[in-house]
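J.: First the structure, which I've put down as C-alpha cells, then a few questions once you've had a look.
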Amino acid sequence: MVVKVFVLGRPGSGKSTAARHLNHLMRHQDWRVKHFNDYDILWEMFLADTEHKKFQPTPHNGFDATDFTVFDDALKDLEKRAQAYMEHVDLLTIEFARDDYHMALKQFSADFLQDSYFLFLDADIETCLRRVHERVEHSETNDDHPSFSDDIFRWYYARDNKRYMAEHLKVEFGIHKLVRVIENTGPLPRFLHRIEQFTGELKRCENRLLLPALGSGR
C-alpha cells in the first residue's frame, strides 16, 4: 500500500529540502519514491496562458496569478497525477504552498487525504522571502524561480497556518495518520535531523500497520 506524505508550508520554508531528504532516506530503504510539486503544474498553466488571462509574468521568469482559481485547478490535477502512480511506488510526496490549507485541502478527495501523513514546515514570512531571493540568485533553472512578486508574496502568504495544522487539520478532515509541524528558522543540520526524526516516526507507524496484516496471513 502506498504511503502518501503532504509536505506543506510557505515558499522558502524548506519544503523541497525536506521532501528531498525524506525521499533520499526512503530510497536507501529500497522504497520506490515519486515526488509531486504543484509548481510544475502551475508553470505549465502559465506557459499555456499566452494571452495572460490568468497569469502575468514577473522578473526572473516568475509569474503572478491574477485568477486564483488556477490554484484549485492545479491541486485537482495534482491528485489525478498522483493517483496514476499509486500502484507503482511505495512513497508519494506531495508538495505545495497555499495561503489557506483548510480551503486548499478541500480540493482533494476525502479518501486520498485521510490515510496521508502531513509535514508542515513553519518559518516566518520574511525569512521565507529572503530564502526565495537567495535561491533565485543561485539558480539556473525555472524550478527555483519565485511564482509571485514580493508584494503579492507578502499579501498572499500572510496567514499563519501553524495552529490550524497542529490543532484542527486532523479533526476537520478525519486524518488518522501523523501530522507534524516542524519549525525551520535555525541551522540546516538541525532541520535535517528533524526530518530524519519524522521519517523514523513514519516508518514505525507503517510497521505497526503491517503487523495485523502479517498476523492474519499466518
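Just remember that my numbering sits 77 ahead of the position in the sequence shown, which is counted from 1.
Using N, Cα and C, we set each Cβ at its ideal position, and we do this for glycine too.
Mapping the DSSP letters down to three states, classify asparagine 238 as helix, strand or coil.
T.: If DSSP states are grouped into helix, strand and coil, asparagine 238 belongs with coil.
J.: Is it right to say alanine 151 is buried, meaning 16 or more other beta carbons lie within 10 angstroms of its own, or is it exposed?
T.: With 16 or more other Cβ atoms within 10 Å, it is buried.
J.: Can you check which of these residues, Ser226, Arg285, Leu246 and Arg271, is closest to proline 136 by C-alpha distance?
T.: The shortest C-alpha separation from proline 136 is found at Ser226.
J.: Which runs of the alpha helix (DSSP H) at least 4 residues long sit entirely within the stretch 116-188? Give them in chain order.
T.: For the stretch 116-188, whole alpha helix (DSSP H) runs of length 4 or above, ordered along the chain, are 146-160 and 178-182.
J.: Would you mind sorting alanine 161 into buried or exposed? The rule is 16 or more other CB atoms within 10 Å of its CB.
T.: It counts as exposed.
J.: With distances taken Cα to Cα, identify the nearest neighbour of leucine 169 among Leu124, Asn284, Arg281 and Ser193.
T.: Here the closest residue by C-alpha is Ser193.
J.: Output the distance between the C-alpha atoms of glutamate 172 and leucine 99, rounded to the nearest integer angstrom.
T.: Cα to Cα, the separation comes out at about 12 Å.
J.: Relative to the C-alpha of aspartate 167, which residue among Thr94, Asn261, Met103 and Phe268 is closest?
T.: That would be Met103, whose Cα lies nearest to the Cα of aspartate 167.
J.: Is the separation between the beta-carbon of isoleucine 252 and that of alanine 95 shorter than 8 Å?
T.: No, the Cβ-Cβ distance between isoleucine 252 and alanine 95 is not below 8 Å.
J.: Please report how far the alpha carbon of phenylalanine 113 lies from the alpha carbon of glycine 277, in whole angstroms.
T.: About 22 Å.
J.: For aspartate 188, is the classification buried or exposed, using 16 other Cβ atoms within 10 angstroms of its Cβ as the cut-off for buried?
T.: By the 10 Å Cβ count, aspartate 188 comes out exposed.
J.: Would you kindly work out how many angstroms separate the C-alpha atoms of glutamate 249 and phenylalanine 148, rounded to a whole number?
T.: C-alpha separation (whole angstroms): 21 Å.
J.: Are arginine 236 and aspartate 176 touching if we call contact CB-CB under 8 Å?
T.: Yes, these two residues count as a Cβ contact at 8 Å.
J.: Just to confirm my understanding: we take leucine 291, look at its own chain, exclude 5 residues before and 5 after, and list those with CB closer than 8 Å. What are they?
T.: Because leucine 291 sits at a pLDDT of 43, beneath the cut-off of 50, its placement in the model cannot be relied upon, and the following sentence gives the value as read from the coordinates. Answer for leucine 291: no residue qualifies.
J.: What did DSSP end up calling lysine 111 once you bin it into helix, strand or coil?
T.: Strand at lysine 111.
J.: List the whole-angstrom C-beta distance separating isoleucine 259 from leucine 198, where the pair is believed to meet the contact cut-off of C-beta under 8 Å.
T.: With a Cβ gap of about 6 Å, isoleucine 259 and leucine 198 count as contacting.
J.: On the three-state DSSP scale, how would you describe arginine 207?
T.: Note: arginine 207 maps to helix in three-state DSSP.
J.: What residue range is occupied by the uninterrupted alpha helix (DSSP H) comprising arginine 257?
T.: Unbroken run through arginine 257 is the beta strand (DSSP E), 256-260; no alpha helix (DSSP H).
J.: Measure the C-alpha to C-alpha separation of arginine 295 and alanine 243 and round it to an integer number of angstroms.
T.: Residue confidence is low: arginine 295 scores 38 on pLDDT, short of 50, so the model does not pin down where it sits. Its coordinate-derived value is still stated next. Taking the straight line joining both Cα atoms gives about 39 Å.
J.: What are the start and end residues of the beta strand (DSSP E) that includes valine 80?
T.: From DSSP, the beta strand (DSSP E) with valine 80 extends over 80-85.
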